[in-house]
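Student: In the working numbering, the protein residues as written are 53 to 450.
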Ligand code: ARG
């Protein structure tokens, strides 16, 4: 029995892969794996129903807590950001690949299929993940291999009795998980087309958001959120809660031009309310506890980390190296941040930490413990080399 494990979302691309695997790729059995990383429950139920209708052996893997704890919160610790995008889709892909490999191992299968196109980032992320965790894997990418178009897929699905009604009604291509929602397709691809209100599902229009700011407090430990307004919860529940609170205030709409891995520039729209607030709060806490040198160097480290995360190189040894540095700094990123959410904006209004590198005694205007007179020599010699250069320039002409 030839078996193939299909990474399955239930959408059009992955659904046409089911008959294709049987009829064109010669597999007797198709195993569909849907990984729950916090997409809408209806999407998961729909994938399950379609899998059933097309008689695959189906598995839904609940990976929400793992995703929040080991992927989203790692991104918080690294201030994960790629060109203004918190990388919600990017960081879910390695986990989805890992879960597909786990199912394949249990079933003693080593063939995989996915529905990624040949233009995007996901083909890199998914295939790198699968090949890293199972070097002997055979991977099929029918949409890419056959240079498929949407109209060909719809026609093929009709012929083969693939249920696609929901796909036909969809104008936008959406990818959703706990860390955010990305909306592509249709006229949104035009960089100059203003996103219509209807594409947003998680965030209220700032215009219709409450007229009073919402004040919240986030407590961090080891660089990751542990409580909102004094209430502790699991990572997935914290992210879910923050998505809801911030979304209600219209926070987290993101519209960027994004350089894809292959160099293609694309216009992207995201809604990442929870991620936006957690990342803003985390930066504020780092600014309180890390030294100036740590902050400066960590910016570079964070950028490198984000590039690897964007490309889906989740198991690159360089990423581990970067995380060794990040992890050490985060030991002190502990404390509370208070924020005000108001009609789409996030404002820091307070921060505190046992590790605060701040001394009221030293910084205050009204203190004598910092003897100002002692600064004189330092100030006098400040910028010595620059000053010498300019004196020489005056003397030697120019
Ligand atoms: N461009 C983003 C990324 O590569 C998100 C793509 C999400 N896909 C979608 N169909 N909306 O991470």
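Positions of the beta carbon are idealized from the N, C-alpha and C atoms, including for glycine.
From the DSSP output, in three-state form, read off residue 246 for me.
Tutor: Translated into the one-based positions of the chain shown, residue 246 becomes position 194. Residue 246 falls in the coil class under three-state DSSP.
Student: What is the residue span of the alpha helix (DSSP H) that residue 251 lies within?
Tutor: Against the chain shown, residue 251 aligns to sequence position 199. It is not in any alpha helix (DSSP H) - residue 251 carries neither H nor E in the DSSP assignment.
Student: In this structure, what does DSSP give as the bridge partners for residue 447?
Tutor: Locating residue 447 in the chain shown gives position 395, where the first residue counts as 1. Partner(s): none; residue 447 has no beta bridge.
Student: By the DSSP assignment, the alpha helix (DSSP H) with residue 262 in it spans what residues?
Tutor: Mapped onto the chain shown, residue 262 falls at position 210. No alpha helix (DSSP H) contains residue 262, which DSSP labels as neither H nor E.
Student: Answer yes if the region 199-212 comes into contact with the region 173-182, meaning at least three C-beta pairs across the two stretches below 8 angstroms, and no otherwise.
Tutor: Because the criterion of three Cβ pairs below 8 angstroms is not met, the region 173-182 and the region 199-212 do not touch.
Student: Excluding sequence positions up to five away, which residues of its chain have a Cβ less than 7 angstroms from the Cβ of residue 354?
Tutor: Stepping through the chain shown from its first residue, residue 354 is reached at position 302. The answer, listed in chain order, is 130, 131.
Student: With hydrogens ignored, establish whether the beta-carbon of residue 201 is closer than 7 angstroms to any heavy atom of the ligand ARG.
Tutor: Along the chain shown, one-based indexing puts residue 201 at 149. Flag unset: Cβ of residue 201 not near the ligand ARG.
Student: Please list the segments of the alpha helix (DSSP H) lying wholly inside the region 288-360, counting only runs of 4 or more residues, in order along the chain.
Tutor: Listed in chain order, they are 325-341.
Student: Consider the C-beta atom of residue 255 and the heavy atoms of the ligand ARG; say whether any pair is separated by less than 7 angstroms.
Tutor: Here residue 255 refers to the residue found at position 203 when the chain shown is read from its first residue. Checking the Cβ of residue 255 against the ligand ARG gives no.
Student: Please report how far the alpha carbon of residue 360 lies from the alpha carbon of residue 264, in whole angstroms.
Tutor: The residue given as residue 360 occupies position 308 in the chain shown. The residue given as residue 264 occupies position 212 in the chain shown. One C-alpha to the other measures close to 40 angstroms.
Student: Measure the CB-CB distance between residue 134 and residue 99 and report whether it falls below 8 angstroms.
Tutor: Reading the chain shown from its first residue, position 82 is the one you call residue 134. Reading the chain shown from its first residue, position 47 is the one you call residue 99. Going by C-beta atoms, residue 134 is not nearer than 8 angstroms to residue 99.
Student: For the ligand ARG, is there a heavy atom less than 7 angstroms away from the beta-carbon of residue 268?
Tutor: As a position in the chain shown, residue 268 is number 216, starting the count at 1. For the ligand ARG, not one heavy atom lies less than 7 angstroms from the Cβ of residue 268.
Student: Does DSSP put residue 79 in a helix, a strand or coil?
Tutor: Sequence index remark: in the chain shown, residue 79 carries index 27 (1-based). Looking at residue 79 - three-state DSSP - the assignment turns out to be coil, as it is neither helix nor strand.
Student: Just mark residue 352 as buried or exposed, buried being the case when its beta carbon has 16 or more other beta carbons within 10 Å.
Tutor: For the purposes of this step, residue 352 is taken as residue 300 along the chain shown, with counting starting at 1. That one is exposed.
Student: For residue 88, count neighbouring C-beta atoms within 10 Å of its own C-beta (all shown protein chains included) and say buried if the count is 16 or more, exposed if not.
Tutor: The residue labelled residue 88 in the question sits at position 36 within the chain shown. Flag for residue 88 reads buried.
Student: Where residue 341 and residue 409 are concerned, what is the direct C-alpha to C-alpha distance, given to the nearest angstrom?
Tutor: One-based indexing of the chain shown puts residue 341 at position 289. One-based indexing of the chain shown puts residue 409 at position 357. Taking the straight line joining both Cα atoms gives about 5 angstroms.
Student: Rank 310, 294, 309 by C-alpha distance to the C-alpha of residue 303 and give the top, closest one.
Tutor: Along the chain shown, one-based indexing puts residue 303 at 251. Ranking the options by Cα distance to residue 303, first place goes to 294.
Student: Measuring alpha carbon to alpha carbon, tell me which residue in 64, 112, 63, 74 is nearest residue 54.
Tutor: To locate residue 54, count along the chain shown from 1; it is residue 2. Nearest of 64, 112, 63, 74 to residue 54, Cα basis: 74.
Student: State yes or no: is the C-beta of residue 156 within less than 8 angstroms of the C-beta of residue 186?
Tutor: On the chain shown, residue 156 is found 104 positions in, with the first residue counted as 1. On the chain shown, residue 186 is found 134 positions in, with the first residue counted as 1. Yes, the pair counts as a contact, with Cβ atoms nearer than the cut-off.
Student: Between residue 334 and the rest of its own chain, which residues show a CB-CB distance below 6 angstroms, the 5 nearest in sequence each way excluded?
Tutor: On the chain shown, position 282 is the one that residue 334 refers to. These residues qualify, in order along the chain: 128.
Student: Looking only at its own chain, which residues have a Cβ that is under 7 angstroms from the Cβ of residue 381, when we skip the five neighbours before and after it?
Tutor: Numbered from 1 along the chain shown, position 329 holds the residue referred to as residue 381. 342, 346, 350, listed in sequence order.
Student: Smallest Cα separation from residue 387: which of 164, 104, 281, 365?
Tutor: Here residue 387 refers to the residue found at position 335 of the chain shown. Measuring from the Cα of residue 387, the nearest candidate turns out to be 281.
Student: Please determine whether the Cβ atom of residue 178 lies at a distance below 7 angstroms from any heavy atom of the ligand ARG.
Tutor: Mapped onto the chain shown, residue 178 falls at position 126. Residue 178: no, Cβ never under 7 angstroms from the ligand ARG.
Student: Is it buried or exposed, residue 227, if we count other Cβ atoms within 10 angstroms and call 16 or more buried?
Tutor: The residue labelled residue 227 in the question sits at position 175 within the chain shown. Buried, since its Cβ has 16 or more Cβ neighbours within 10 Å.
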